[in-house]
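K.L.:
One structure is given below, represented as structure tokens, and several questions about it will come after.
2 protein chains.
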Amino acid sequence: MAVTLADVAARAGVSSATVSRVLSGDYPVAGTTRSRVLRAVAELEYVVDGPASALAAASSDLLGILVNDIADPFFGIVAGAVQGELDSGTDDRVPRRLAVVCNTGGSPERELTYLTLLQRQRAAAIVLTGGAVEDPAHRASLAARLRRLAAGGTRIVLCGRPPLDPLEPDATAMPGPDAEAAAVPGPDCEPDARPVAAARGRSARRAARGAVLTVAFDNRGGAHALTAHLLALGHRHIGYVAGPSERTTTRHRLAGHRAALAAHGAAGPDRAERLTVHAGGYDRSCGYRGAVELLRRAPETTAVLAANDTVALGVCAALRDAGLRVPQDVSVAGFDDLPFSADAAPGLTTVRLPLQEAGAVAGQLALGTRPAPPGGTTTMPHALVVRASTAVPRAGA
Amino acid sequence: MAVTLADVAARAGVSSATVSRVLSGDYPVAGTTRSRVLRAVAELEYVVDGPASALAAASSDLLGILVNDIADPFFGIVAGAVQGELDSGTDDRVPRRLAVVCNTGGSPERELTYLTLLQRQRAAAIVLTGGAVEDPAHRASLAARLRRLAAGGTRIVLCGRPPLDPLEPDATAMPGPDAEAAAVPGPDCEPDARPVAAARGRSARRAARGAVLTVAFDNRGGAHALTAHLLALGHRHIGYVAGPSERTTTRHRLAGHRAALAAHGAAGPDRAERLTVHAGGYDRSCGYRGAVELLRRAPETTAVLAANDTVALGVCAALRDAGLRVPQDVSVAGFDDLPFSADAAPGLTTVRLPLQEAGAVAGQLALGTRPAPPGGTTTMPHALVVRASTAVPRAGA
DNA sequence: CTGTTAGCGCCTTCAA
DNA sequence: TTGAAGGCGCTAACAG
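From first to last, the protein sequence lines stand for chains P and R. Take 3 as the starting number for the first sequence in my numbering and just add one per residue. Take 3 as the starting number for the second sequence in my numbering and just add one per residue.
What follows is the structure, given as structure tokens:
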């Protein structure tokens, strides 16, 4: 049906192997032959058959990107940056690799499902972005799955979620470097993760092969900085509209928040608990509902931290609808610094995460363009961005 | 390296053909055999080799989605909806198809490039979303390319851009139905497109095969409604911060705007021209710069229409920075009704486009789940959403 | 530098 | 209902 290598070969008067070599580029071919082949290719409008080529070469040029919500700019920015790396490396007009963006909707099952689909396509690399679901069963099966894929040669990169748990000593028969790579805790590891001292130091070079690499955000540190900012302004009744409770992102940000409160000698755990509302998701309506609930529970609240910028907008809307002004009556802060945050009215105080950069790094790691970092984990810096949505609490408070 | 069909067959004590049949499902196999095979599959953690299967079956389960900017929620929402259709149809836990989201960045070359990549992967269908570039050369080569793909059996769906131009009578040797399908003008066709009367009526059923289908937005109508709304409020100096000039979306929205002005006997073409600023893109900063330029050219402006909601936010920011209040001093309206628009302060008056629905329809068309519409084009309705960013002009104006 | 020759892993007739 | 066998289009040795 379609035109094949053999057709081109016949037209150019060469063997199909020669055509293949011309097309793949990385093999010496005489100039005249090459141009003759290229002409035939053009005349016949030949397009390589990806599946056949992948089968024969036992490799593919697909890069998978898993996102929790493709409609959320957070993921769009990261995914776009990952994809951008595909086009950069090559000088050719046509990038060789294809990025496959898969929308899991935050569902663990779909995450696993898409992993299967990508494995089926023999994806060269897979980048998992955004917070991970914390359910122990899923956590374990996902980790096992990823390790197996990595061991099979698929490059695996986690972007925006903590590294895989360290392996149990006997969990793998192969003396692979995965264990060490995963064992050095990044900032988003469990606070109580015991550093495996013996594992350090010898893995940096080997980590690139078979290891699960990580590009982490400092969610904990960001939330800490944000809370410290509010405390410094004089706030003592700080509410927190958190994301879904079973997500790593949620827990780490909350932990940073609580740590800052504790360091300040501010609230006891039960009060902090009362001032924390778990929204069901990361969208605007969750923020709205969360704020309503928070005001009901704790009308004395003078500041609200939100799970992210989108949620923060919902919080602002709820406050406005309740007749409260931001920041005169209540301060509000978000997280991520998405593009619209600067344009909200008032401009949103937030923590900027370098999404673009993180995506680019993840992409390079996935392509093998960038050496694996020591320990397997790169941590991106955060920056507190103070805008107009936070101010000193009103006098009466 | 990986476990193959033959391995499973050996384990289950059957032939590889039987395993293949069990896995593909659509073939009679004895119950006991089937369960034995499935057990072997599970024990070996067998995963089908996509490329091999695509090669042998001469078909693939990849669906391509081209977007102009994956970080823009407009595209995220549409792409997410398209992808959602893949998971719905099947009752299985594992959807068979994989969506490939490709980010063109609005570049014609990359659009063509990704088309090649998808063709190479033998994608079953391709959905092109968002406004198209209007450069005649690109337009022609893209159309030719899409028609060829469609003729080759790839389902092609345009979502959010106008249908392909009608074919020249002799442009194709095959008596394919494409010509008719593309010939019935949707609302976003050229105003002067001559309806090919003879073509009507006989194509609806056949359009599904080999035709390029379209899901269109009524950009023209939406802009008309928005402008009429401002005119009704009493505005007479209405500025327009348009998108990049060479995009279909830009031109159609602008045309609707101008038509409304003309119908109202409002502005002469030269004045309308002076009040129109072309931003270089669809992002916030373009809106900001566009508004600054507009204020410079026409300080008497009392209302500004923006290319879309994101641009509108930039416009609002520029106005605020210029000491102007929205809507007291200047009214602002956007387009699309993205989620954040409701939360802007003031809430943005805009035109709601059913992005989710359009994406779903496009997905169904691409999967063949939904019959092709008569004429090949489905037009989605728009709705004017009036919020707080538009009001009557200030008294002095 | 170029041609020849085997497969890659699976699907799909064709027989049994 | 199941098995055997050929080939999908390409790449990667291995010769020449």
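Positions of the beta carbon are idealized from the N, C-alpha and C atoms, including for glycine.
#1: For the alpha helix (DSSP H) holding Val363 (chain P), just list the boundary residues, first then last.
#2: At a Cβ threshold of 8 Å, is Ile128 (chain R) touching chain P?
#3: Please tell me whether Pro246 (chain R) has its Cβ less than 8 Å away from any Cβ of chain P.
#4: Where does Thr20 (chain P) land, buried or exposed, given buried means 16+ other C-beta within 10 angstroms?
#5: Which residues in the same chain have their Cβ closer than 6 Å to the Cβ of Val5 (chain R), if we skip the five residues on either side of it in sequence?
#6: Distance, Cα to Cα, Ala274 (chain R) vs Ala308 (chain R)?
#7: Which chain P residues sit within Cβ distance under 8 Å of Gln330 (chain R)?
#8: Since Asp285 (chain P) and Phe76 (chain P) should fall inside the 8 Å C-beta cutoff, what is the C-beta to C-beta distance between them, to a whole number of angstroms?
#9: Among the residues of its own chain, which have a CB less than 6 Å from the CB of Phe219 (chain P), if the five just before and after it don't count?
#10: Check Val402 (chain P) in the structure and name its three-state DSSP category.
#11: How far does the beta strand (DSSP E) with Asn105 (chain R) in it extend, from its first residue to its last?
#12: Alpha helix (DSSP H) containing Arg326 (chain R): first to last residue?
#13: Please report whether the beta-carbon of Phe342 (chain P) lies at a distance below 8 Å from any beta-carbon of chain R.
#14: Is DSSP giving His280 (chain R) helix, strand or coil here?
#15: Please classify Ile79 (chain R): does DSSP put it in a helix, a strand, or coil?
#16: Please confirm whether Ile158 (chain R) has its beta-carbon closer than 8 Å to some beta-carbon of chain P.
#17: Residues of the segment 310-328 of chain R in Cβ contact with chain P at a cutoff of 8 Å, in chain order, please.
#18: Please report the straight-line C-alpha distance between Glu302 (chain P) and Tyr242 (chain P), rounded to a whole angstrom.
#19: List the residues of chain P that Ser62 (chain R) touches, going by C-beta distances under 7 Å, in chain order.
#20: Between which two residues does the beta strand (DSSP E) harbouring Gly66 (chain R) extend?
#21: Please tell me whether Asp93 (chain P) has its Cβ less than 8 Å away from any Cβ of chain R.
#22: Could you work out which residues of chain P lie near Val102 (chain R), taking near to mean beta carbons separated by less than 7 Å?
#23: For Arg163 (chain P), does the three-state DSSP call read helix, strand or coil?
#24: Val10 (chain R) CB to nearest chain P CB: under 8 Å?
#25: Taking its Cβ as the centre, do 16 or more other Cβ atoms sit within 10 Å of Ala126 (chain R), making it buried, or is it exposed?
#26: DSSP puts Phe219 (chain R) in a beta bridge; with which residues?
#27: Quick one: what's got a C-beta closer than 6 Å to Leu232 (chain P)'s C-beta in the same chain, skipping five residues either side?
#28: Buried or exposed: where does Gly132 (chain P) fall if 16 or more other Cβ atoms within 10 Å of its Cβ makes it buried?
#29: Relative to the C-alpha of Arg276 (chain P), which candidate in P:Gly292, P:Arg255, P:Ala300, P:Cys288 has its C-alpha closest?
#30: Give me the chain P residues within the contact set of Asn105 (chain R), using Cβ-Cβ distance strictly less than 7 Å, ordered along the chain.
#31: Taking only beta-carbon atoms, is Thr174 (chain P) less than 8 Å away from chain R?
#32: Within 10 Å of its beta-carbon, does Ala200 (chain R) have 16 or more other beta-carbons around it, so buried, or fewer, so exposed?
#33: What residues from chain P crowd round Ile79 (chain R), counting only those whose CB sits closer than 9 Å?
#34: Give the residues of chain P in contact with Arg255 (chain R), contact being defined as C-beta atoms less than 9 Å apart.
#35: Over what stretch of residues does the beta strand (DSSP E) that includes Val243 (chain R) continue unbroken?
#36: Looking at the C-beta of Ala281 (chain P), does it have a partner C-beta in chain R at a distance below 8 Å?
P.N.:
Taking the definition as stated:
#1: Counting along the chain, Val363 (chain P) sits inside the alpha helix (DSSP H) bounded by residues 357-369.
#2: Not an interface residue.
#3: Taking Cβ atoms only, chain P never reaches closer than 8 Å to Pro246 (chain R), which makes this a no.
#4: Counting C-beta atoms within 10 angstroms of its own C-beta, Thr20 (chain P) has 16 or more neighbours from the protein chains shown and is therefore classed as buried.
#5: Correct list, in chain order: Leu46, Tyr48.
#6: About 14 Å.
#7: Residues of chain P passing the Cβ test: none, with the nearest at roughly 14 Å.
#8: With a Cβ gap of about 11 Å, Asp285 (chain P) and Phe76 (chain P) do not count as contacting.
#9: Excluding residues within five positions, the ones whose Cβ falls inside 6 Å are Gly162, Leu355, Met382.
#10: Nothing in the structure corresponds to residue 402 (chain P), since chain P is present only between 3 and 399.
#11: That run of the beta strand (DSSP E) goes 100-105.
#12: Note on identity: in this sequence residue 326 (chain R) is Leu, with Arg being the wrong assignment. Segment: none, Leu326 (chain R) is in no alpha helix (DSSP H) and carries neither H nor E.
#13: Cβ-Cβ to chain R under 8 Å: yes for Phe342 (chain P).
#14: Residue state, collapsed to three classes: strand.
#15: The answer is helix: DSSP assigns Ile79 (chain R) an H, G or I state.
#16: No, no contact with chain P.
#17: Hits within the stretch, in order: Thr312, Leu315, Gly316, Cys318, Ala319, Arg322.
#18: A direct Cα-Cα distance of roughly 13 Å separates Glu302 (chain P) from Tyr242 (chain P).
#19: By Cβ distance, chain P contributes Pro53.
#20: Its beta strand (DSSP E) spans residues 64-69.
#21: Only weak support exists for where Asp93 (chain P) lies, its pLDDT of 46 falling under 50; the coordinates are left without a value.
#22: Chain P residues near Val102 (chain R): Leu100, Val102.
#23: Coil, per DSSP.
#24: Taking CB atoms only, Val10 (chain R) has no neighbour in chain P less than 8 Å away.
#25: So Ala126 (chain R) counts as buried.
#26: Answer is R:Met382.
#27: Cβ neighbours of Leu232 (chain P) beyond the five flanking positions: Ile240, Ala305.
#28: Buried, since its Cβ has 16 or more Cβ neighbours within 10 Å.
#29: Nearest in C-alpha terms to Arg276 (chain P), of all of P:Gly292, P:Arg255, P:Ala300, P:Cys288, is P:Ala300.
#30: Taking the beta carbon of Asn105 (chain R) as reference, the chain P residues within 7 Å of it are Gly82, Gln85, listed in sequence order.
#31: Here Thr174 (chain P) scores only 39 on pLDDT, less than 50, and its place in the model is too uncertain to base an answer on.
#32: Confidence at Ala200 (chain R) is low in this model, with a pLDDT of 31, below 50, so its placement is unreliable and the value that follows should be read with caution. It counts as exposed.
#33: Result: Ile72, Ala73.
#34: Going along chain P, no residue has its Cβ under 9 Å from Arg255 (chain R), so there is no contact; the nearest lies around 21 Å.
#35: First-last of the beta strand (DSSP E) with Val243 (chain R): 240-244.
#36: Output row for Ala281 (chain P): interface = no.
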